[in-house]
Amino acid sequence: MPQDTREKIRQLSDHIVDMDTGSFLLSEQFSRFCREYGIDEIWGGLLTSAEDRPDLYGNEIARHAFSRLLEHIYRKKRADFLPILSGLLALNPKKPCDPSFFSTIKQDLLGLGYSEKDAKEHLPAERG
């Protein structure tokens with residue numbers, strides 16, 4: 154994966170995780186979500202791998218694993234990337250109150266090469 158794309162996915166991941174301290178990523182609700190989309194084994198492996206890194210601790214473990222999960226989905230399940238992201242944003246119980254949040258996520262998606270139409274269609278606040 155080109156470094157530029159990896160960096161854009163990391164930014165997207167950071168924006169999503171910033172709306173929550175990471176506790177949602179460790180919840181049973183997120184585990185069910187991963188099973189529903191068939192990414193639970195990948196998530197578990199990435200989380201275990203991040204836990205084994207001595208330079209990561211606390212919420213940084215989940216943050217790192219989540220960024221790698223988004224990279225994996227983007228590379229290996231590209232057609233599912235937007236639906237999975239949309240489901241995740243709609244599911245999180247700590248949805249952001251800041252109206253600029255979805256605008257930021259939309260800009261991240263545009264930076265990854267998605268069209269304005271696709272971004273609007275898949276962002277919960279953009280549907281209408």
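Read left to right, the sequence shown gives residues 154 to 281 (my numbering).
Think of the CB as a built atom: it goes at the ideal place given N, C-alpha and C, for glycine as much as any other residue.
Note that the coordinates shown come from a computational prediction; the quantities given were computed from them, not determined experimentally.
Quick one, are the C-beta atoms of residue i and residue j less than 8 angstroms apart?
{"i": "residue 263", "j": "residue 269", "result": "yes"}
{"i": "residue 226", "j": "residue 192", "result": "yes"}
{"i": "residue 158", "j": "residue 223", "result": "no"}
{"i": "residue 254", "j": "residue 172", "result": "yes"}
{"i": "residue 170", "j": "residue 228", "result": "no"}
{"i": "residue 242", "j": "residue 186", "result": "no"}
By the DSSP assignment, the alpha helix (DSSP H) with residue i in it spans what residues?
{"i": "residue 252", "result": "No alpha helix (DSSP H) holds residue 252; DSSP gives it neither H nor E."}
{"i": "residue 267", "result": "Element bounds for residue 267: n/a, residue is neither H nor E."}
{"i": "residue 236", "result": "231 to 244"}
{"i": "residue 200", "result": "193 to 204"}
{"i": "residue 184", "result": "181 to 189"}
For residue i, which residues from the same chain have a beta carbon less than 8 angstroms from its beta carbon, with the 5 sequence-adjacent residues on both sides left out?
{"i": "residue 261", "result": "161, 164, 165, 168"}
{"i": "residue 281", "result": "With a pLDDT of 39 at residue 281, under the threshold of 50, the modelled position of that residue is not reliable, and the figure given next carries that caveat. Within the same chain, residue 281 has no close Cβ partners at all."}
I think residue i touches residue j, with their Cβ atoms under 8 angstroms apart; what is that distance to the nearest whole Å?
{"i": "residue 237", "j": "residue 190", "result": "5 angstroms"}
{"i": "residue 205", "j": "residue 235", "result": "Actually they do not touch by this definition, with Cβ atoms about 31 angstroms apart."}
Sorted by chain position, which residues of the same chain lie with C-beta nearer than 6 angstroms to residue i's C-beta, five sequence neighbours on each side aside?
{"i": "residue 218", "result": "199, 200, 203"}
{"i": "residue 195", "result": "225"}
{"i": "residue 267", "result": "none"}
In chain order, what residues of the same chain lie with their CB nearer than 7 angstroms to the CB of residue i, ignoring the 5 residues before and after it?
{"i": "residue 179", "result": "215"}
{"i": "residue 220", "result": "162, 163, 166"}
{"i": "residue 232", "result": "none"}
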